[in-house]
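When the count follows this note's numbering, it moves up by one through the sequence shown with no breaks and lands on 307 for the last residue. Yeah, the Cβ is synthetic: ideal placement off N, Cα and C, and Gly gets one too. The structure presented is a predicted model; accordingly, all values stated were derived computationally and were not measured. As C-alpha cells, the structure follows; a few thoughts come after it.
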Amino acid sequence: MIVTSFFSLFISQTVFAKNMYRWIDDKGRIHYSETVLPKDINYRRESLNKAASVKEVVEEAKTKEEQEMEKRLVRLRRDQEKIITRQKVYDNALLNTYHSKADLMMAIKSKMDAFETQNQVVEGNLIRLKQELEAQQKNAAEMDRNAQKVPKKLLDGIKSTQKQIQELHIAINEQKEKQSQIKREDEADIARFLFLTQSLTEKRKGTSIPSIKEANELGLFYCENDRQCNKAWEIARTFVEYYSTTPPDVYNDKLIMNRPPATDTDISLSLSKIPLTDDESQLFLDVHCRESSLGKDLCVSQKVKDIRATFIPYVNDALSRTAQ
C-alpha cells in the first residue's frame, strides 16, 4: 500500500514529456512506460497525457476463438435485424389491410369457404372417377366371364382411371396440408393483430401493455375480457397459495393476499386486479419479503425472479387446459 501510494504520488506529480502507457500484466503488476514492448502488446493499456489523465484506451487483444465468436455474433445480430425488419413490414401490412378483428375474421372465413368449395369439387371428381372405375372393372370382368378378350382400350382406360384416382388422393392430401398450414398462419395473424391493436389502443389511452418479457418480470397478466379474468383470478389464487410460505390473509374479487413475512426466509405473495378500462383489467402479482437485510436479499434473488417469471405461463397453461 505504501509503495503504491508513493508511486501514485510520483506519477501524479510527474509531467510527461511524451505519451505514457499504463497496463497490468497477468500477475497483477502495474507498468508505466513510454514504449510498449512486443511481449506486452496484447495487454489492455491506457494512454496517459502530460497531466497523467487517461486520453485513450486500447482493449486487450482478443484470442482467435474470441474473434470468431465476435464475428458470429455480428452475423447473428445482422440476421436478427433482418427478421425484425420483416416482422415490422408484415405488421404494417396486417394493420393496413384489416381495420378490425371482424375484418380479419371475415377474410379468413372467405378463404376457408374457398377451400371448402375446392374440396367439394375434388371430392366430387373422386366419386365420379371411382364410379367410372367400378363400371370399367365390371365391364372387363363380365367379358372375362364370357370368355371374351378384354379390349386394350378398356384395359388402358382402367389404368388411366386408377392413375387419376391416385393423383386425386395425393392432391387431396396436399390440399389438406396446405389448408392446415394456412389455418395455423391465420391463427398467428389473429393473435398478432390483437396484440398490435391492443398495444395501439392502450397507447392512445395513455397506458401501454407490457411486452412478454416485461410482463414476466413485472408479474402482470393482461385479461382480454371479464370471463377470462375471472378464470385467471381463481387460477392465480392457487399460484399465490402454493408459492407463499405464509398463510392466507385476504381474499376478495379485487385482492388476494397472504400474511406478511414473519422470518427472513418467508415469501408472501399478493395479487391485485387493476382496471385498465371499464371492461379490461390486468392482474398484478407482487412478492413480499421480510423488512431485513436477508429479506431484501431474498426479494431480489433468482428464486423470486423465477416465481414472477412462472406466473404468466402458469395461468396461460391452466386457461388453455380449461378451454379444452
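Item checked: Residues bridged to Ser30 (per DSSP) -> Sequence index remark: in the sequence shown, residue 30 carries index 47 (1-based). DSSP lists Tyr4, Glu39 as partners of Ser30.
Notebook entry, point to check: Using a Cβ-Cβ cut-off of 8 Å (strictly less than) and excluding sequence neighbours within five positions of Asp300, which residues of its own chain qualify?
Noted result: Here residue 300 is taken as the residue at index 317 of the sequence shown, counted from 1. Around Asp300: no qualifying Cβ.
Next item on the list: Along the beta strand (DSSP E) that carries Asn241, what are the first and last residues, could you check?
Entry: Position 258 of the sequence shown holds residue 241. Start and end: 238 to 241.
Notebook entry, point to check: If you measure from the beta carbon of Leu20 to each beta carbon in chain D, is any gap under 8 Å?
Noted result: Going by chain labels, chain D is absent from the structure shown, which holds only one protein chain.
Next item on the list: Could you have a look at Leu266 and say whether DSSP puts it in helix, strand or coil?
Entry: Taking the first residue of the sequence shown as 1, we reach residue 266 at position 283. Leu266: strand per DSSP, three-state reduction.
Check: Do Asp74 and Leu179 have their C-beta atoms closer together than 8 Å?
Finding: Taking the sequence shown and counting its residues from 1, the one referred to as residue 74 is at position 91. Taking the sequence shown and counting its residues from 1, the one referred to as residue 179 is at position 196. The answer is yes: Cβ separation under 8 Å.
Check: In angstroms, rounded to a whole number, what distance separates the CA positions of Ile250 and Phe294?
Finding: As a working mapping, residue 250 is identified with position 267 in the sequence shown. As a working mapping, residue 294 is identified with position 311 in the sequence shown. Their backbone Cα atoms lie some 15 Å apart in a straight line.
Check: For Leu308 versus Val223, is the C-beta distance shorter than 8 Å?
Finding: With the chain covering -16 to 307 only, the question about residue 308 has no answer from this structure.
Next item on the list: Would you check if the stretch 135 to 153 and the stretch 106 to 116 touch, i.e. whether three or more CB-CB distances between them fall below 8 Å?
Entry: The way I'd put it, the stretch 106 to 116 does touch the stretch 135 to 153; three or more beta-carbon pairs between them come closer than 8 Å.
Next item on the list: Can you have a look at Val298 and say buried or exposed, based on whether 16 or more other CB atoms are within 10 angstroms of its CB?
Entry: By 1-based counting over the sequence shown, the position of residue 298 is 315. Label assigned to Val298: buried.
Next item on the list: Grab the span of the beta strand (DSSP E) containing Asp232 for me, first residue to last.
Entry: Translated into positions along the sequence shown, residue 232 becomes position 249. The continuous beta strand (DSSP E) containing Asp232 extends over residues 231 to 234.
Notebook entry, point to check: So Tyr226 is in the alpha helix (DSSP H); what residue range does that whole segment cover?
Noted result: The residue given as residue 226 occupies position 243 in the sequence shown. Element bounds for Tyr226: 209 to 226.
Margin query: Within the continuous beta strand (DSSP E) that includes Lys256, where are the two ends?
Written below: In the sequence shown, the residue the question calls residue 256 occupies position 273. If you look at Lys256, you'll find it in the beta strand (DSSP E) that goes 251 to 258.
Next item on the list: May I ask you to report which of helix, strand or coil DSSP gives Arg304?
Entry: The sequence position of residue 304 within the sequence shown is 321, counting from 1. DSSP places Arg304 within a helical segment (H, G or I) once states are collapsed to three.
Notebook entry, point to check: So does the stretch 96 to 105 actually touch the stretch 151 to 161, counting three or more Cβ pairs closer than 8 Å?
Noted result: A contact exists between the stretch 96 to 105 and the stretch 151 to 161.
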